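Numbering (this note's numbering), first residue to last: 1 to 339.
Structural data, given as structure tokens:
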């Protein structure tokens, strides 16, 4: 935090964008245990360890169940200790979990390591990064969060291709080690040194705004920042008990469950499915990577859309597009259609 205070005026852009970039490295690293990484490794894992695809895919379900149980605790930790320490601990745990997969030769140890990594994927990394962006930006919040998940989509492409290339040349154990080291090298230092939980912590205001002239005349800087903090807290004034009593809250949970159920169920088997219908290992990995390219573009578009139209309408369009894409997979039969 002290370093962030010193660096806030050294960049040519508002420091909130530096915080977004630093938080983005965590979301980039989060893609290490993404289903697209597993889907290009499920073939070699099955061949080398003699496990069925169903057994391997079960680790994703184990991670989802663990995430369901731990998500409230992650939210509490962010509120209690701040997003920055949660992000740092998360990427350290993620790196260790990915490294330990190199020595996971029985289902139990594989499940523990991969499920632990998936907990970070589902909970602390996206929640922590989104929380930081939401605190630093109000008017430009959609764009800030869109940038974070754009970088995450790039991470999905990178990890998918790295996994495919390394496993073909050096084997499964080396692949897990390379992925684990990438997590630690890319994300630990930025999240530790550059992230600040709130702009007020380093003497700034959300969106890079300056205190209004009349406010600055009548208030001390501390009072002005307190007033802004009050305004931002009023903007997000829902308490947990208020949210739980709202039908909208449970509808959002149901929507999220449906979205990720389809996404995960298809994604974890996508690479193997492409291999089954005739694609080679590299072509299958490239086809999977295309989904992340589309996701990267979609992250920017999504940020632009949610800044301009109501989120409920945006979600309706997104779910219709997902449903159509899912149905189209039933009719793919060649390389061009897979891409």
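Cβ atoms here follow ideal geometry from the backbone N, Cα and C, with glycine treated the same way. Quantities reported herein were computed from a predicted structural model and do not represent experimental measurements.
Quick one: residues in its chain with C-beta nearer than 6 Å to the C-beta of residue i, no 5 flanking neighbours on either side, listed in chain order?
i           : result
residue 116 : 97
residue 122 : 67
residue 147 : 20
residue 220 : Reliability of the predicted coordinates at residue 220 is poor, the pLDDT of 47 falling under 50, and no value is obtained from them.
residue 88  : 191, 192
residue 45  : 56
residue 77  : 86
residue 5   : 202
Output the distance between the C-alpha atoms of residue i and residue j, rounded to the nearest integer angstrom.
i           : j           : result
residue 151 : residue 107 : 32 Å
residue 216 : residue 209 : No answer about residue 216 holds up, because its pLDDT of 43 lies below 50 and its placement is not dependable.
residue 37  : residue 286 : 12 Å
residue 155 : residue 171 : 21 Å
residue 86  : residue 53  : 33 Å
residue 259 : residue 317 : 13 Å
residue 306 : residue 247 : 22 Å
residue 7   : residue 202 : 9 Å
residue 91  : residue 245 : 34 Å
residue 294 : residue 270 : 16 Å
residue 181 : residue 242 : 42 Å
residue 10  : residue 187 : 21 Å
residue 72  : residue 255 : 18 Å
residue 120 : residue 63  : 9 Å
residue 304 : residue 253 : 24 Å
For residue i, I'd like the list of residues in its chain whose CB is within less than 7 Å of its CB, leaving aside the five on either flank, ordered along the chain.
i           : result
residue 132 : 19, 23, 83, 195, 197
residue 113 : 97, 100, 101, 104
residue 262 : 322, 326
residue 178 : 162, 166
residue 137 : 16, 144, 206, 207
residue 59  : 110, 111, 114, 115
For a test of the three-state rule: what should DSSP assign to residue i, helix, strand or coil?
i           : result
residue 105 : coil
residue 54  : helix
residue 48  : helix
residue 190 : helix
residue 197 : coil
residue 9   : coil
residue 210 : coil
residue 17  : helix
residue 63  : helix
residue 95  : helix
residue 34  : coil
residue 180 : helix
residue 246 : coil
Comparing the CB of residue i with every heavy atom of the ligand COA, is any distance shorter than 8 Å?
i          : result
residue 70 : As for the ligand COA, it is missing from this structure, which has no ligand bound.
Check whether the Cβ of residue i lies closer than 9 Å to any Cβ atom in chain D.
i          : result
residue 24 : Absence of chain D from the displayed structure is noted, only one protein chain being present.
Beta-carbon within less than 8 Å of residue i's beta-carbon, same chain only, minus the 5 sequence neighbours each way: which residues are those?
i           : result
residue 251 : none
residue 125 : 26, 27, 29, 30, 87, 90, 91, 94
residue 199 : 15, 16, 135, 136, 205, 206
inquiry  = List, from N- to C-terminal side, the beta strand (DSSP E) runs of 3 residues or more that fit wholly inside the stretch 122 to 151.
reply    = none
inquiry  = So within the stretch 297 to 331, which uninterrupted alpha helix (DSSP H) runs reach at least 4 residues, ignoring any that extend past its ends?
reply    = 311 to 328
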